[in-house]
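Q:
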Amino acid sequence: MEKEMQSNFIHNIIDKDLEEGTYGNKVHTRFPPEPNGYLHIGHAKSICLNFGTAKKYNGKCNLRYDDTNPIKEDIEYVNSIEEDVKWLGFKWEERLWASDYFDTMYEAAMELIKKNKAYVCQLNSEEIKKYRGTLKEAGKDSPYRNNSVDQNLRDFEKMRIGEYDDGKAVLRAKIDMSSPNMNMRDPIIYRVAHSEHHNTGDKWCIYPMYDFAHPIEDAIEGITHSVCTLEFEDHRPLYDWVLREVGFWPNPPKQIEFARLNITNTVMSKRLLKGLVDDGVVDGWSDPRMPTIAGLRRRGYTPESIRTFCDDIGVAKANSTVDIAQLEACVRDDLKDKVEAKNVVTNPIKVIITNYPIDQIEMCEVENNRNVPKLGNREVPFGRELWVDGDDFMEIPAKKYFRLFPGNEVRLKGAYFIKCEDVTKYQDGTIKELLCTYDPETKSGSGFNGRKVKGTIHFVEASTAVKIKIREYDYLMVKNNEGEYILNENSLNTIDGYSEPSIDDIKSNERLQFFRKGYYICDEKSSTEDEKVFNSIVGLKSSWKK
RNA sequence: UGGGGUAUCGCCAAGUGGUAAGGCAUUGGAUUCUGAUUCCAUGAUGCGCAGGUUCGAAUCCUGCUACCCUAGCCA
8 MEKEMQSNFI HNIIDKDLEE GTYGNKVHTR FPPEPNGYLH IGHAKSICLN
58 FGTAKKYNGK CNLRYDDTNP IKEDIEYVNS IEEDVKWLGF KWEERLWASD
108 YFDTMYEAAM ELIKKNKAYV CQLNSEEIKK YRGTLKEAGK DSPYRNNSVD
158 QNLRDFEKMR IGEYDDGKAV LRAKIDMSSP NMNMRDPIIY RVAHSEHHNT
208 GDKWCIYPMY DFAHPIEDAI EGITHSVCTL EFEDHRPLYD WVLREVGFWP
258 NPPKQIEFAR LNITNTVMSK RLLKGLVDDG VVDGWSDPRM PTIAGLRRRG
308 YTPESIRTFC DDIGVAKANS TVDIAQLEAC VRDDLKDKVE AKNVVTNPIK
358 VIITNYPIDQ IEMCEVENNR NVPKLGNREV PFGRELWVDG DDFMEIPAKK
408 YFRLFPGNEV RLKGAYFIKC EDVTKYQDGT IKELLCTYDP ETKSGSGFNG
458 RKVKGTIHFV EASTAVKIKI REYDYLMVKN NEGEYILNEN SLNTIDGYSE
508 PSIDDIKSNE RLQFFRKGYY ICDEKSSTED EKVFNSIVGL KSSWKK
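For this note's numbering, add 7 to where a residue sits in the first sequence, where the first one is 1.
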């Protein structure tokens with residue numbers, strides 16, 4: 008069955024906690040997305056980590072929406088999030104909303120005020136910024152910092168009942184304005200936002216900030232190990248401060264940070280991805296060019312391949328950028344022995360078998376994958392007119408090129424030897440068709456061994472071929488010389504291709520079909536539900552070029 | 001260094017004082033009716049740099065260097 012998750016430094020921490028009995032024998036993690044966009048491959052890493060870790064230790068993992076900012080969130084995303092997590096193969100212990108804890112958070116805030124550990128500050132945002140100081144200079148105390156507890160209680164109540172407009176007052180933790188850690192310079196823990204919340208409606212017009220809410224959410228749910236990304240390292244002292252002051256101490260959840268995923272030539276910023284969607288550059292979040300889980304799914308990635316990828320790349324604290332080839336290797340590896348091959352040609356070149364009867368079609372048996380007998384054979388039609396792949400013909404052959412070229416004979420996979428006798432061209436000099444002859448003696452399976460041929464290429468019979476609209480999949484965005492991400496024009500090119508007729512899904516489906524050399528083509532339905540992702544044998548060849 | 005992190009093969013990454021795992025990529029070779037698949041082989045006297053401790057250091061100490069994060073009423 009599935010092999011156990013590779014262990015990482017987080018597991019070492021958990022092992023130690025288990026040994027020392029910090030949380031008894033309990034391991035409880037959580038995956039806390041903010042519902043403000045679709046999940047992408049970077050989230051997949053977090054999902055695999057959190058759910059995988061829980062599974063490894065027979066613990067639990069919650070799916071929790073971090074919906075503390077009604078202005079930025081949209082409930083329309085929750086369905087996609089749940090679908091993606093399920094599709095990846097994980098089950099959550101509970102599906103929860105941070106907003107369900109608003110009461111508790113409010114009480115916690117009141118408690119801080121009463122302990123004189125929080126105060127209402129009416130500086131405006133610019134003033135607050137100014138008072139905060141800089142990285143190298145200490146900040147200075149807000150004039151509201153020493154207001155009495157009673158005054159703060161009254162002001163906070165005024166915030167709560169809506170007497171302040173947005174931005175006119177905030178609740179701040181009273182910590183240390185001269186702390187070298189900016190997060191500890193009296194961080195804002197509650198702000199006013201007269202905005203309806205999808206869950207709590209208009210009950211609140213004050214909402215907790217992440218730094219205040221998150222530790223409380225974790226503590227309420229009994230999370231033991233709260234895994235997040237590196238940029239929150241500086242927030243950990245605040246995370247711990249909240250837990251301590253609010254009374255979730257000792258044995259508070261432990262925040263552990265790891266490096267977020269970067270992949271070469273792949274944009275992982277939600278902001279940029281959302282921009283592409285909003286600007287109509289792509290067909291929504293599930294456009295196959297997107298690095299979203301939905302996009303990968305539609306592109307033909309399997310959940311297994313993504314899980315394997317996440318496990319293979321490991322978890323560490325060093326910033327790194329994984330080569331996209333590593334992801335691709337995972338799909339190929341997963342697909343190769345569970346998927347039927349399909350002949351697909353791109354940049355098609357017409358081949359006429361001049362000595363083959365007009366209007367005759369015969370069926371040829373082709374082995375899907377000799378190393379995977381269970382995939383069996385399939386039948387492909389052969390006739391007088393064929394398409395072969397543009398890469399399989401060179402008018403002037405390169406060195407060591409042993410595919411088709413004038414005067415050369417090759418085997419058509421599953422069919423006959425053919426020899427290129429002539430090349431006809433259009434007026435503009437481009438190739439019209441290759442005039443070839445076939446040798447009836449050489450049919451596959453006939454046992455012919457009169458002579459050998461160095462190359463074998465694949466083909467698609469022209470009269471039964473299905474023209475498929477595929478877009479060459481390249482990476483949607485690449486970095487230019489200035490290090491900025493720009494749209495890669497190639498990614499938007501539509502190229503023509505022909506395929507075996509049996510790909511009904513492709514034929515009947517107008518959805519985008521993606522094909523990248525070296526991979527496979529598929530569509531969402533066939534790849535994910537029927538598990539019939541099509542390997543394009545074209546793509547499996549490697550280049551003969553240096 | 002204001003503070004917090006990270007540095008191990010081209011790219012990820014194990015390693016936690018005992019003499020450098022694994023994956024991807026690469027390059028050879030074998031088999032092959034797809035230059036695919038499969039199989040086999042392939043790489044660090046070396047772990048950012050310089051010193052030190054030790055019988056022994058990627059792992060401990062000292063000092064450097066590079067890169068990342070951090071001054072949202074975002075998460």
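Each residue gets a CB set at the ideal place from its N, CA and C atoms; glycine is no exception. Computed from a predicted structure; not experimentally measured.
Can we say the segment 311-325 touches the segment 333-352, given the rule of at least three CB pairs closer than 8 Å?
A: The segment 311-325 is in contact with the segment 333-352.
Q: When the Cα of Asn-76 is compared with those of Gly-208, Ala-422, Cys-371 and Phe-38, which residue comes out closest?
A: On the first sequence, position 69 is the one that residue 76 refers to. By alpha-carbon distance to Asn-76, the top candidate from Gly-208, Ala-422, Cys-371 and Phe-38 is Gly-208.
Q: Going by C-alpha distance, which of Gly-457, Arg-458, Asn-415 and Leu-160 is nearest Thr-444?
A: Taking the first sequence and counting its residues from 1, the one referred to as residue 444 is at position 437. Comparing Cα positions, the closest option is Asn-415.
Q: Output the distance between the C-alpha atoms of Pro-259 and Leu-25, rounded to the nearest integer angstrom.
A: Walking along the first sequence from the start, residue 259 turns up at place 252. Walking along the first sequence from the start, residue 25 turns up at place 18. Those two C-alpha atoms are separated by around 15 Å.
Q: Pop quiz: Ala-266 and Ala-325 are said to be a contact at Cβ under 8 Å. What is the actual Cβ separation, rounded to whole angstroms?
A: Translated into positions along the first sequence, residue 266 becomes position 259. Translated into positions along the first sequence, residue 325 becomes position 318. So it is a contact: roughly 6 Å between Cβ atoms.
Q: My output table needs one value for Gly-208: the three-state DSSP class, helix, strand or coil.
A: To locate residue 208, count along the first sequence from 1; it is residue 201. Reduced to three states, the DSSP call for Gly-208 is strand.
Q: Going straight from the alpha carbon of Arg-251 to that of Val-92, what length do you get?
A: What you label residue 251 is simply residue 244 of the first sequence in a count that begins at 1. What you label residue 92 is simply residue 85 of the first sequence in a count that begins at 1. Taking the straight line from one Cα to the other gives about 33 Å.
Q: To the nearest angstrom, how far is the alpha carbon of Asp-435 from that of Asn-362?
A: Taking the first residue of the first sequence as 1, we reach residue 435 at position 428. Taking the first residue of the first sequence as 1, we reach residue 362 at position 355. Distance between the alpha carbons of Asp-435 and Asn-362 is about 28 Å.
Q: Going by alpha carbons, who is nearest to Lys-63 out of Ser-293, Val-34 and Val-379?
A: In the first sequence, the residue the question calls residue 63 occupies position 56. Taking only the C-alpha atoms, the option nearest Lys-63 is Val-34.
Q: At what residue ranges does the segment 79-165 contain a whole run of the alpha helix (DSSP H), taking only runs of 4 or more?
A: 83-94, 109-121 and 132-138
Q: Are at least three pairs of beta-carbons, each pair with one atom in the segment 148-155 and one in the segment 92-107, less than 8 Å apart?
A: no
Q: Which residue comes first and which comes last in the alpha helix (DSSP H) that contains Gln-333?
A: Position 326 of the first sequence, counting from 1, holds the residue named residue 333. Gln-333 -> alpha helix (DSSP H) spans 331-342.
Q: From the DSSP output, in three-state form, read off Pro-413 for me.
A: Counting from one through the first sequence, the residue named residue 413 turns up at place 406. Note: Pro-413 maps to coil in three-state DSSP.
Q: Between the alpha carbons of Gly-421 and Ser-451, how many angstroms are there, rounded?
A: Within the first sequence, numbered from 1, the residue matching residue 421 stands at position 414. Within the first sequence, numbered from 1, the residue matching residue 451 stands at position 444. The alpha-carbon atoms of Gly-421 and Ser-451 are separated by roughly 5 Å.
Q: Where does the unbroken alpha helix (DSSP H) through Asn-2 begin, and where does it stop?
A: The requested residue 2 is not part of the displayed model; the chain covers only 8 to 553.
Q: Thinking just about the alpha-carbon of each residue, which of Lys-407, Pro-413, Glu-224 and Gly-462 is nearest to the one in Phe-424?
A: Walking along the first sequence from the start, residue 424 turns up at place 417. The shortest Cα separation from Phe-424 among Lys-407, Pro-413, Glu-224 and Gly-462 belongs to Gly-462.
Q: Which residue marks the beginning of the alpha helix (DSSP H) containing Leu-303, and which one marks its end?
A: Reading the first sequence from its first residue, position 296 is the one you call residue 303. Leu-303 -> alpha helix (DSSP H) spans 300-306.
Q: When the Cβ atoms of the segment 11-28 are set against those of the segment 45-60, are three or more pairs found closer than 8 Å?
A: yes
Q: Taking C-alpha atoms, which residue in Asp-74, Leu-382 and Ile-48 lies nearest to Ser-202?
A: What you label residue 202 is simply residue 195 of the first sequence in a count that begins at 1. Per the Cα distances, Asp-74.
Q: DSSP on Ile-21, reduced to helix/strand/coil?
A: To locate residue 21, count along the first sequence from 1; it is residue 14. Helix at Ile-21.
Q: Thinking Ser-293 and Gly-302 are a contact (beta carbons under 8 Å), I'd like their distance in whole angstroms, please.
A: Mapped onto the first sequence, residue 293 falls at position 286. Mapped onto the first sequence, residue 302 falls at position 295. Right, their Cβ atoms sit about 5 Å apart.
Q: Which ranges does the beta strand (DSSP E) cover as unbroken runs of at least 3 residues, wholly within the segment 385-431, from first to last along the chain?
A: 392-395 and 416-419
Q: Would you tell me roughly how many angstroms separate the C-alpha atoms of Glu-496 and Val-288, rounded to the nearest one?
A: Your numbering for residue 496 matches position 489 in the first sequence. Your numbering for residue 288 matches position 281 in the first sequence. Residue placement at Glu-496 is flagged as unreliable, the pLDDT there being 38, under the threshold of 50; the coordinate-derived value follows with that caveat. Their backbone Cα atoms lie some 12 Å apart in a straight line.
Q: Check each candidate in Asn-375, Tyr-433 and Lys-439 and name the one with the smallest Cα separation from His-629.
A: Residue 629 lies beyond the residue range present for the chain, which begins at 8 and ends at 553; the question has no answer from this structure.
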